[in-house]
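Colleague: The structure follows.
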Amino acid sequence: EEEMPNIHLEFLPEYSPDYNLIELVWHSAKEYVANRLFTSIEELEYLLHRLLNEGELIIK
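Counting with our numbering, you get residues 1464 to 1523 for the letters of the sequence shown.
Now the structure itself:
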């Protein structure tokens, strides 16, 4: 602490999905595709690509 006075360490719980962005992304993606019927893997892949790469996913 004395060597780096401008750095403040924040200790988080071991498992804290609320602080992990990828956990929030996957949670929102799973909610979006839940209870939908896909006719092929390609259709699911296309939807996930749109959600994750084209900004169509709203993270809650």
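The beta-carbon is built from N, C-alpha and C at its ideal position, and this holds for glycine as well.
Can you tell me where the alpha helix (DSSP H) holding A1492 begins and where it ends?
Modeller: Here the alpha helix (DSSP H) through A1492 covers 1484-1496.
Colleague: On a Cα-Cα basis, can you pick out the residue from S1503, E1466, K1493, M1467 that is closest to L1515?
Modeller: L1515 has its Cα closest to that of K1493, out of S1503, E1466, K1493, M1467.
Colleague: Using a Cβ-Cβ cut-off of 8 Å (strictly less than) and excluding sequence neighbours within five positions of L1520, which residues of its own chain qualify?
Modeller: Here the set comprises V1488, S1491, A1492, Y1495, L1514.
Colleague: With H, G and I counted as helix, E and B as strand and the rest as coil, what does DSSP make of H1512?
Modeller: Helix at H1512.
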